[in-house]
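Chains as they are written, first to last, in the working numbering: chain A, 105 to 248; chain B, 159 to 695.
Working notes, structure below.
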């Protein structure tokens, strides 16, 4: 238990440090990208355009690899565009029919997403903001 | 004209004229119905086109609403594939000519062909596409070009459909109206007309009431016509009776006029005869009235030189009363003809005249007058006759000449009368009368003015010597015995007193007194001689 608590404290501190003067401790979802692609922050609109297929490049020349974190998926879309998951699925169902625009890649848990984002330059995903580590860069924070 | 009317009614000529009513009615109905039909068809095609356009637009708007969400998604995701799917889906609808889905400044898809569309230009329908996740965020535009040609075709088809329906309806209405007009109005009217046309007026015929029209206007028309026919028949009969009466009366007057033993004529204000009857023709030697070739003036025919007829006419016309006068016709064979003429004024400055032959009356009158002035025994003038004519004789005395009046008194007549009787005396007087007349000229006057006193007037003497000569001749003649028949003779003589005058103004009494005095002188001087009155010759 102790290491767990110490880990939480350490990570919390790290997050706090990472966000600098971040002013709230409330839980949220962090949109994360590979630190190598040079994007420091993104607007909510940019993020939604990326996750809903409107924008396909993260930055000039970098094709976006969009990742869904299954446990947070519903909360994420609710927070991002205010829609339920069925609506989002219906949306993708129509687009998937054309075959040209593909929905985000679904990954089972936050670690897989962190792993993928840490290793791929064009990857973008979201995780519980508490899980963000140094391998990735948070470009947008969404509160519940 | 008259013969046309009199000709018997002809079905062949009357039928087309009456059918003309049917034709005309039908043609008029056809004309107006067609007019209305064409107008309605025109109006409806315009309206159909407008409605069709509206309907099309409505359809398209609904169609666009249907695909809006998908189109929004395609635009949002910039997915040409999906956009193409949407556009093709829309194009599958015939009302859509061209579809463009634009995203930002870029056309995701543009399909269909609006350029080849030659129909009525319709506005392009545009619908803004919003983000499926943020209604405030515009992500693109859906533009749809309506298929005008298709719409025009549909509208045309609709219009044709309406025109066909209208045409069928029109024909049905025309046929029905024509049939109704023909059977309800025209046929009965035509039958009435035919019946009336063939009806012989005055024959007691009536026209038949068209069946089924007893209570309506056509029935009333038939009844009224029958009433008129009856009325006309009565009028005709009355007029026929009246005409017969008039003809009879005219004939009566004509006969009266033609055969009257009286002249009947009409005279105008200028004295010309307008009309006259055969009696007048015969009496005045005129042609029969109908055969006169020139106007005849009554004055000229009557030989009226002294304008007495004019005066008579003026009197009749100005007094407005009958005026009469007698006219003597100039010499015809047997004695003078006297006409009694009566003029009655009539209206219009005309006069009706009646002429009677009064010659007989005139003659009787004249002889009565003559009788009154004659001595019945000797046939000589009596004193009255002498007085009547003396004025004329005095007036006829030539200038420078004279007139002698002789009083002849018989000597010894009383003795003859006493001794031989009154008959002998009468015969003596007759003989003396004859002898006196034989001595004087025809123009001289001889009268018996008393029992045995005679008067002789010698007219127009050149001198007193002629009187002297005649006086001596009288004395000489009467001195001879007078044969009385039966071997008897009477011897008488005469004392004659002569008064001679050259003054036309001398009075008869004056002359007679002087002649009387001279006669007594002769008697005193021994009878059977003559004496001239003193102061003369």
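Beta carbons: idealized from backbone N, C-alpha and C, even for Gly.
Separation of residue j from residue i, as counted between CA atoms
i	j	result
residue 158 of chain A	residue 183 of chain A	18 Å
residue 535 of chain B	residue 587 of chain B	8 Å
residue 518 of chain B	residue 420 of chain B	14 Å
residue 224 of chain B	residue 279 of chain B	24 Å
residue 483 of chain B	residue 496 of chain B	10 Å
residue 340 of chain B	residue 396 of chain B	40 Å
residue 325 of chain B	residue 334 of chain B	14 Å
residue 608 of chain B	residue 655 of chain B	15 Å
residue 537 of chain B	residue 591 of chain B	8 Å
residue 692 of chain B	residue 606 of chain B	24 Å
residue 287 of chain B	residue 229 of chain B	7 Å
residue 146 of chain B	residue 458 of chain B	For residue 146 of chain B there is no data in the structure shown, the boundaries of chain B being 159 and 695.
residue 215 of chain A	residue 239 of chain A	11 Å
residue 238 of chain B	residue 195 of chain B	53 Å
residue 633 of chain B	residue 687 of chain B	6 Å
residue 612 of chain B	residue 526 of chain B	22 Å
residue 676 of chain B	residue 466 of chain B	48 Å
residue 247 of chain A	residue 197 of chain A	27 Å
Nearest-angstrom beta carbon gap, residue j and residue i [assumed within contact, 8 Å]
i	j	result
residue 359 of chain B	residue 391 of chain B	7 Å
residue 561 of chain B	residue 649 of chain B	Wrong, their Cβ atoms sit about 32 Å apart, outside the cutoff.
residue 658 of chain B	residue 622 of chain B	5 Å
residue 298 of chain B	residue 262 of chain B	7 Å
residue 212 of chain A	residue 169 of chain A	Between residue 169 of chain A and residue 212 of chain A the Cβ distance is about 16 Å, and since that is not below 8 Å, they are no contact.
residue 240 of chain B	residue 199 of chain A	6 Å
residue 455 of chain B	residue 430 of chain B	5 Å
residue 207 of chain B	residue 320 of chain B	The Cβ separation is near 11 Å, so there is no contact.
Nearest neighbour of residue i, chosen from the options [CA to CA]
i	options	result
residue 380 of chain B	B:537, B:363 and B:394	B:363
residue 207 of chain A	A:217, A:154 and A:142	A:154
residue 504 of chain B	B:479, B:549 and B:366	B:479
residue 574 of chain B	B:541, B:549 and B:640	B:640
residue 653 of chain B	B:627, B:624, B:628 and B:689	B:689
residue 647 of chain B	B:636, B:322 and B:413	B:636
residue 312 of chain B	B:387, B:265, B:214 and B:347	B:214
residue 540 of chain B	B:682, B:610, B:227 and B:308	B:610
residue 259 of chain B	B:661, B:268 and B:253	B:268
residue 256 of chain B	B:262, B:233 and B:281	B:281
residue 515 of chain B	B:235, B:565, B:499 and B:237	B:499
residue 251 of chain B	B:222, B:576 and B:368	B:222
residue 670 of chain B	B:624, B:638, B:576 and B:564	B:564
residue 558 of chain B	B:620, B:352 and B:492	B:620
residue 163 of chain A	A:232, A:143 and A:203	A:143
residue 201 of chain B	B:355, B:470 and B:317	B:317
residue 629 of chain B	B:645, B:642, B:660 and B:594	B:594
residue 645 of chain B	B:429, B:368 and B:578	B:578
residue 182 of chain B	B:375, B:336 and B:452	B:336
residue 176 of chain A	A:239, A:247 and A:231	A:231
residue 293 of chain B	B:234, B:245, B:328 and B:329	B:234
residue 343 of chain B	B:522, B:374, B:674 and B:615	B:374
residue 501 of chain B	B:227, B:487, B:470 and B:476	B:470
6 Å Cβ shell around residue i - same chain, five flanking residues per side excluded
i	result
residue 507 of chain B	427
residue 434 of chain B	423 and 447
residue 128 of chain A	Note that residue 128 of chain A scores 42 on pLDDT, short of 50, meaning its location in the model is unreliable and no value can be drawn from it.
residue 552 of chain B	662
residue 139 of chain A	241
residue 303 of chain B	255, 256, 272 and 282
residue 453 of chain B	430
residue 136 of chain B	Missing from the structure shown is residue 136 of chain B; chain B here goes from 159 to 695 and no further.
residue 209 of chain A	171
Residues near residue i in its chain [Cβ-Cβ closer than 7 Å; skip 5 each side]
i	result
residue 236 of chain A	119, 134, 136 and 242
residue 584 of chain B	535
residue 436 of chain B	416 and 446
residue 229 of chain A	136, 171, 173, 217, 220 and 221
residue 685 of chain B	569, 651 and 653
residue 245 of chain A	132, 134 and 233
Listed by chain order, chain C residues near residue i by CB distance under 8 Å
i	result
residue 185 of chain A	Within the model displayed, chain C is absent; protein chains A and B are what it includes.
Contacts around residue i, its chain only, beta-carbon distance under 8 Å, and the 5 residues preceding and following it disregarded
i	result
residue 371 of chain B	346, 377 and 380
residue 146 of chain B	One cannot answer for residue 146 of chain B here, as it falls past the ends of chain B, which runs 159 to 695.
At which residue ranges does the region 257 to 328 of chain B contain complete beta strand (DSSP E) runs of 3 or more residues, listed in the order of the chain? 264 to 270, 283 to 288 and 296 to 304, all fully within the region 257 to 328 of chain B.
Report the residue ranges of all beta strand (DSSP E) runs contained in full by the region 182 to 215 of chain A; include only those spanning at least 3 residues, in chain order. Complete beta strand (DSSP E) runs here, min 3: 209 to 211.
Every unbroken beta strand (DSSP E) inside the region 567 to 631 of chain B [3 residues or more]: Runs of the beta strand (DSSP E) inside the region 567 to 631 of chain B: 603 to 606 and 611 to 619.
Give, in chain order, every unbroken run of the beta strand (DSSP E) that is at least 3 residues long and sits entirely within the region 449 to 483 of chain B. Within the region 449 to 483 of chain B, complete beta strand (DSSP E) segments of at least 3 residues are not found at all.
Identify every run of the alpha helix (DSSP H) within the region 513 to 550 of chain B, keeping only runs that are complete inside it and at least 4 residues long; order them along the chain. If you keep only unbroken alpha helix (DSSP H) runs of at least 4 residues inside the region 513 to 550 of chain B, you get 517 to 530.
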